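These notes are about the structure you will find just below.
So, in structure tokens, the structure goes:
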């Protein structure tokens, strides 16, 4: 019996012996294996929760930058696409498509701003159309603070 004392004092040793089922000190307690599996599930749930929160913060950070600057460069959009790429595997298709919409509208905003900055775009109907598109996109991004909160609430809320 003394040979099992180190396992009792060291949770890592206990868990590894439970998982391997070798030298299990109490073979008549199969619920220990269930406890180990439950702990694994809880750790995975915590990792998924942390990923979801991190994704939410990435979205809010991009929205804040766009609304603050009134524009967005390509590099932050590419970083956003890369940082949220795995969302399809964690969230449902609806939220994944929403993240893609943020990216696409960011690209549209970038290029509409580029057109407005181009001195070759003459003052007139075409320039007004681009300015209107730019204003609509900025308004859309401003509204996304509340919209994104609702999307993520469905997937992250604990209670």
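In this note's numbering, the protein residues as written are 156 to 314.
Just so it is clear, CB atoms sit at the ideal spot from N, CA and C, and this is done for glycine as well.
Values in this document were obtained by computation on a predicted structure and should not be read as measured data.
*Quick one: what does DSSP say residue 237 is sitting in, helix, strand or coil?*
For the purposes of this step, residue 237 is taken as the residue at position 82 of the chain shown. In this structure, residue 237 counts as helix in the three-state DSSP scheme.
*asked:* Once the 5 residues before and after residue 210 are set aside, which same chain residues still bring their CB inside 7 Å of it?
replied: For this step, residue 210 is matched to residue 55 along the chain shown. If we look at residue 210 and ignore the five residues flanking it on each side, its Cβ neighbours are 239, 242.
*asked:* Quick test of the definition: if touching needs 3 or more C-beta pairs under 8 Å, does the region 302 to 310 touch the region 266 to 286?
replied: Verdict: no, contact absent.
*asked:* Rounded to the nearest angstrom, what separates residue 231 and residue 313 at their Cα positions?
replied: The residue you call residue 231 lines up with position 76 of the chain shown. The residue you call residue 313 lines up with position 158 of the chain shown. Computed Cα separation, rounded: 30 Å.
*What runs of the alpha helix (DSSP H), each 4 residues or longer, lie entirely inside the region 267 to 306?*
For the alpha helix (DSSP H) assignment, the region 267 to 306 encloses no uninterrupted run of at least 4 residues.
*Excluding sequence positions up to five away, which residues of its chain have a Cβ less than 6 Å from the Cβ of residue 217?*
Sequence index remark: in the chain shown, residue 217 carries index 62 (1-based). The residues are 235.
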